[in-house]
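Under the working numbering, the letters of the sequence shown match residues 262 to 493, in that order.
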Amino acid sequence: MDGKGRNSKMESFIYDSPTFRNFLKEHDHEGAEVKFLESIIKEGMNVIDIGANIGITTVAIANKIGKGGRVFSFEPAPEYFDTLTKNISSNGLENVEVYEQAVTHQVGRVDFYQKGLSSGIVFEEGVKRFEVSTTTLDRFLSGEKIERIDLINMDCEGSELLVLKGAKETLRKNKVKIFCEIHHDFLKQLGQSVGDIVEYLQKLAFKVQSVSLDDLRMGNDFKNCEYIYAHQ
Numbered sequence: 262m263d264g265k266g267r268n269s270k271m272e273s274f275i276y277d278s279p280t281f282r283n284f285l286k287e288h289d290h291e292g293a294e295v296k297f298l299e300s301i302i303k304e305g306m307n308v309i310d311i312g313a314n315i316g317i318t319t320v321a322i323a324n325k326i327g328k329g330g331r332v333f334s335f336e337p338a339p340e341y342f343d344t345l346t347k348n349i350s351s352n353g354l355e356n357v358e359v360y361e362q363a364v365t366h367q368v369g370r371v372d373f374y375q376k377g378l379s380s381g382i383v384f385e386e387g388v389k390r391f392e393v394s395t396t397t398l399d400r401f402l403s404g405e406k407i408e409r410i411d412l413i414n415m416d417c418e419g420s421e422l423l424v425l426k427g428a429k430e431t432l433r434k435n436k437v438k439i440f441c442e443i444h445h446d447f448l449k450q451l452g453q454s455v456g457d458i459v460e461y462l463q464k465l466a467f468k469v470q471s472v473s474l475d476d477l478r479m480g481n482d483f484k485n486c487e488y489i490y491a492h493q
C-alpha cells in the first residue's frame, strides 16, 4: 500500500547528501511530504510508517526523531522492501524496525497489485499480482507490547479507511497525529470516500484538516484534498 517515489527512479539515497536534497527540491510530491512531516515531528516520538516504499519518509522521520524515538516501517512489496532495508542500513539508522507486511483491518493474507512504482489492494487488469501477509495496527502494537505511538504516516493506495478501522484501540489509547495521503479514485473503487475517513476520525474525537501539497496550507477542502492531517 504505497506510492512513495512514484515520480522518479531514485532508489539508493543518503538523507544528508546534496544529491538527495536536490531531489526533494525537484520532486514536489516527495519534497512536500518530507517538509510537512518534519514540521510535525518532535524528537523522541514513536512513529508508524505505512506503505514505506523505498524509505524516503522512513529515513526522514528516523533522522528527525533521533535516537530516543523509534520508527516501525511497513512495506509488503518485496522489491521495495529490499530497497527500504538497504536505505536504512546505508543511512546508519538504528532506530528503525521494518516489516514486510501490509497493514489493514484484518490479520491474514491478501492479493496486492503492483502498478508502476506503487502497489495496493485495488484490482487492476494486466499488472503484477502477488500475495502478501497482513496485520492490523491494534494486533501489531499489542503483540510487540508497544505502549505508545505518537504519529502514524500513511500512504496506502486506497486502504486508508481499512487501516484506521484496524487501529481503533490504538487511536483511542494514544494522543496520536495522523498524516495520510488520500487516493480518491482507489477509495471509490473500494466503495469508500474521504468523507468516510473524516467521519470515522471525527467520531474518535480527532480534528481533521485537509492539506495542500502546493503550499502545505491546511483547510477543509476534503473533496479535492491530497492529504489529511488529524490530531486530538
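In this text, a Cβ means the ideal position worked out from N, Cα and C, and glycines have one as well.
The structure displayed is predicted, hence computed values, not measured ones.
CA-CA distance, residue i and residue j?
i	j	result
G264	V295	For G264, the pLDDT reaches just 47, beneath the cut-off of 50, and the residue's location in the model is therefore unreliable, although a value from the coordinates is still provided. So the two alpha carbons sit approximately 14 Å from each other.
T497	V371	For the chain, the structure presents residues 262 to 493; residue 497 sits outside this window and is missing.
E272	Y341	9 Å
V332	M306	8 Å
G457	G312	Reading the sequence as shown, one finds Asp at residue 457 and not Gly. When rounded, the distance between both Cα atoms is 21 Å.
K429	L423	10 Å
E460	M479	18 Å
G330	G377	33 Å
L285	S394	31 Å
Q375	L474	25 Å
Y360	D343	11 Å
G369	I301	33 Å
T319	G353	13 Å
G327	E386	43 Å
F401	T346	20 Å
P339	V357	18 Å
A293	H492	19 Å
S278	K325	15 Å
K464	R409	21 Å
E487	H445	9 Å
V388	E442	22 Å
Classify residue i as helix, strand or coil using the three-state DSSP reduction.
i	result
R400	helix
S351	helix
H290	helix
Q463	helix
S300	helix
D416	coil
R409	coil
F342	helix
I275	coil
V383	coil
E442	strand
G264	Reliability fails at G264, whose pLDDT of 47 lies under 50, so the model's placement of it is uncertain and no value is given.
G361	Before going on, a small fix: residue 361 reads as Glu here, not Gly. In the structure shown, E361 sits in coil (DSSP, three-state: anything other than H, G, I, E or B).
Which residue or residues does DSSP assign as beta-bridge partners of residue i?
i	result
K484	Answer is none; K484 lacks a bridge partner.
H492	K468
R282	In DSSP, R282 forms no bridge with anything.
D310	S334 and N414
D372	E392
State yes or no: is the C-beta of residue i within less than 8 Å of the C-beta of residue j?
i	j	result
V308	L398	no
P337	Q367	no
G404	T365	no
I275	S351	yes
F447	Y490	no
A321	E299	yes
I315	N283	no
Q470	N481	yes
L462	L425	yes
F297	V472	yes
I317	E355	no
N414	D310	yes
So that I know if they touch, is there some Cβ in chain D lying closer than 8 Å to that of residue i?
i	result
N307	No chain D is part of this structure, which consists of one protein chain only.
At least three beta-carbon pairs within less than 8 Å, the region 451-458 to the region 426-439: no
Cβ contact check for the region 403-420 and the region 378-385: 3 or more pairs under 8 Å: yes
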